[in-house]
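Be aware that the sequence shown starts at 86, since it is given in our numbering, and climbs by one per residue.
Structure first, then comments.
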Amino acid sequence: MSAVERVREWELPWQLDVRGTVGHLRRGAGDPTFVYGNDGSIWRAVQTPDGPGTVTLRIDGSRVLGRAWGPGGDWLLEQLPDFLGASDEPEAMAVHDEVVAGLVRRSAGLRIGRTDRVWEALVPAILEQKVVGAEAFRAWRYLVRRFGEPAPGPVPGTMRVPPPRAAWADIPSWEWHRSGIEPVRMRTIRGATAMDVERHHDRLRLLRGVGRWTEAETRARAVGDTDAVSVGDYHIPTLVGLTLIGEPVDDAGMLELLEPYAGQRRRIIRMVELHGVRRERRGPRMTVRDYRSF
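Shown next as structure tokens:
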């Protein structure tokens with residue numbers, strides 16, 4: 086694995102909330118592909134079109150310093166501006182009410198970035214279907230650590246690069262079981278390896294087991310889809326309703342509330358996730374299931 090370091094400096098042309106922009110890419114605190122450094126840096130291990138690579142970035146005022154290693158290092162540095170939202174146009178969203186205006190003020194520097202790696206957004210989204218985050222994050226950690234490869238470069242801890250798309254089809258069924266994933270999600274991921282999702286990210290719902298929620302979660306991260314709405318989410322409709330009108334709503338109610346912002350609905354959802362109203366917890370949390378004991 087190449088240990089040659091590549092460096093890129095990029096001057097930010099706008100204010101940036103870096104954690105708000107890229108934080109949704111981290112799949113739990115123990116994600117082996119995404120690490121926050123103690124010095125404020127962000128580290129990612131990625132399977133790029135050129136092979137595995139690691140990139141780290143640190144913001145110093147308006148300057149972004151990026152460093153990368155591995156065969157995919159050059160690709161990661163070239164893609165860095167889009168990763169931080171250079172292709173986004175937040176000014177394109179017209180604000181129609183005071184509540185959203187307040188969200189915009191609190192979300193200064195938030196951009197809708199893109200990773201341009203559809204597969205690495207699709208797999209975690211499938212793992213997260215209809216389960217609590219802790220269950221999905223546990224499975225992601227296990228599978229990447231077991232079947233990924235060491236991230237190139239002087240990385241923190243034990244970072245790993247996720248397996249390439251074709252390799253996911255070869256993971257034995259007993260390893261899926263050990264990860265805590267039941268056969269339905271295993272079959273969905275295996276089946277998805279048959280499609281070149283990088284080229285056909287607009288056709289994800291043709292895949293068996295991939296619905297509107299999974300498509301939206303994938304496209305929001307991979308291609309920076311500013312209108313991706315996660316219909317069927319356990320939390321998002323409640324957050325949107327409480328924030329925009331002061332009461333929880335269902336999917337239909339959420340879509341009605343977001344309709345004036347068609348084309349920018351993901352931006353509203355992301356602002357609500359970061360700065361919206363939370364409902365007071367009164368009941369038990371959803372149970373974290375563990376199929377490994379079955």
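Cβ atoms here follow ideal geometry from the backbone N, Cα and C, with glycine treated the same way.
Residue i, DSSP secondary structure in three states
{"i": "R129", "result": "strand"}
{"i": "E174", "result": "coil"}
{"i": "G138", "result": "strand"}
{"i": "Y319", "result": "coil"}
{"i": "W225", "result": "helix"}
{"i": "V89", "result": "coil"}
{"i": "A153", "result": "strand"}
{"i": "D335", "result": "coil"}
{"i": "E302", "result": "helix"}
{"i": "E234", "result": "strand"}
{"i": "R148", "result": "strand"}
{"i": "E96", "result": "strand"}
Cβ distance (whole Å) where residue i is taken to contact residue j below 8 Å
{"i": "L343", "j": "V362", "result": "Wrong, their Cβ atoms sit about 16 Å apart, outside the cutoff."}
{"i": "T46", "j": "V203", "result": "The structure shown has nothing for residue 46, since the chain only spans 86 to 379."}
{"i": "P322", "j": "D335", "result": "6 Å"}
{"i": "V85", "j": "L162", "result": "Any answer about residue 85 is impossible in this case: the structure gives the chain only from 86 up to 379."}
Interface flag, residue i vs chain C, CB-CB below 8 Å
{"i": "W298", "result": "Judged by its chain identifiers, the structure shown contains no chain C, having just a single protein chain."}
Proximity winner among the options, relative to residue i (alpha-carbon distances)
{"i": "G326", "options": "I353, G309 and G348", "result": "I353"}
{"i": "M318", "options": "T299, R226 and A236", "result": "As written in the sequence, residue 318 is Asp, which differs from the Met given in the question. For D318, the nearest C-alpha among the options comes from T299."}
{"i": "A177", "options": "R196, I274 and L329", "result": "R196"}
{"i": "H320", "options": "G238, V216 and W225", "result": "V216"}
{"i": "T384", "options": "H109, Q164 and R112", "result": "For residue 384 there is no data in the structure shown, the boundaries of the chain being 86 and 379."}
{"i": "A307", "options": "E90, V89, L110 and M356", "result": "L110"}
Under 8 Å between C-beta atoms of residue i and residue j
{"i": "D312", "j": "G348", "result": "yes"}
{"i": "S172", "j": "E96", "result": "no"}
{"i": "T200", "j": "P117", "result": "no"}
{"i": "E205", "j": "P137", "result": "no"}
{"i": "G115", "j": "R226", "result": "yes"}
{"i": "V92", "j": "I144", "result": "no"}
{"i": "G296", "j": "R288", "result": "no"}
{"i": "P209", "j": "R112", "result": "yes"}
{"i": "L228", "j": "I256", "result": "yes"}
{"i": "V269", "j": "G294", "result": "yes"}
Inter-residue Cα distance where the pair is residue i and residue j
{"i": "L212", "j": "V120", "result": "20 Å"}
{"i": "R129", "j": "D159", "result": "14 Å"}
{"i": "T328", "j": "V282", "result": "34 Å"}
{"i": "L72", "j": "R230", "result": "Given that the chain is displayed from residue 86 to residue 379, the structure contains no residue 72 and the question cannot be resolved."}
{"i": "I127", "j": "F222", "result": "19 Å"}
{"i": "R250", "j": "E358", "result": "30 Å"}
{"i": "R364", "j": "P345", "result": "24 Å"}
{"i": "T278", "j": "A254", "result": "6 Å"}
{"i": "F168", "j": "L101", "result": "12 Å"}
{"i": "G276", "j": "A236", "result": "27 Å"}
{"i": "W154", "j": "D135", "result": "12 Å"}
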